[in-house]
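Q: Numbering (this note's numbering), first residue to last: 3 to 191.
C-beta: ideal position from N, C-alpha, C; glycine also.
This one's a predicted model, so the numbers in the text were calculated from it and none came from an experiment.
To start, I am sharing the structure in question, which I have written as structure tokens.
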């Protein structure tokens with residue numbers, strides 16, 4: 003698909019599909035990632051006890067994509083380093099990071115750019131798109147992958163998610179973010 007210049011659209015039912023999509027795209031060159039999700043998905047063996055809690059890749063996809071986790075899931079054939087370097091990731095829409103018991107605060111010590119749902123709703127559509135474009139512009143020749151977990155959408159629009167959490171976002175704001183990103187020539191990752 004990529005060789006023909008086609009725009010891949012991968013639809014799945016679980017965030018773990020992000021890893022295969024990135025691995026396939028990464029084989030053609032370095033990538034940036036716009037990770038739109040209501041959760042950080044940053045669980046990895048360094049911030050939870052695998053003996054006390056089951057690990058689900060769906061809650062680990064961003065950690066694994068940036069090289070944190072079991073080698074079986076964090077190291078990929080033909081790819082040197084992580085699938086995506088953390089400096090080339092923008093995580094948008096996370097809504098638990100301000101909770102007193104936020105499970106994965108170590109994401110705050112990374113180079114991952116983060117706009118939580120509270121900041122996103124306050125800053126508005128144009129500023130969200132500007133920040134995404136600013137991150138992508140740091141490596142203008144790199145293609146990028148746009149990941150959307152529907153748990154970031156307003157629950158009145160998309161109630162069928164496995165982990166709905168309030169507050170909800172405004173769906174029209176995310177539509178504008180997608181539209182702005184997809185106009186970029188490198189949006190064929």
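#1: Would residue 138 and residue 29 qualify as a contact pair, given that the criterion is a beta-carbon distance under 9 Å?
#2: Using the rule of at least 16 other Cβ atoms within 10 Å of the residue's Cβ for burial, across every protein chain shown, is residue 54 buried or exposed?
#3: Quick check: what's the CA-CA separation for residue 111 versus residue 86?
#4: Hey, which unbroken runs of the alpha helix (DSSP H) at 4 residues or more fall wholly within the stretch 52-83?
#5: When you compare each of 19, 123 and 44 to residue 91 by their alpha carbons, which one comes out closest?
#6: Counting Cβ pairs closer than 8 Å, one from the stretch 59-75 and one from the stretch 13-22, do we hit at least three?
#7: Would DSSP call residue 93 helix, strand or coil?
#8: Can residue 146 and residue 13 be called in contact, C-beta distance under 9 Å?
A: With the structure as the only source:
#1: no
#2: exposed
#3: 17 Å
#4: 63-67 and 73-76
#5: 44
#6: yes
#7: strand
#8: no
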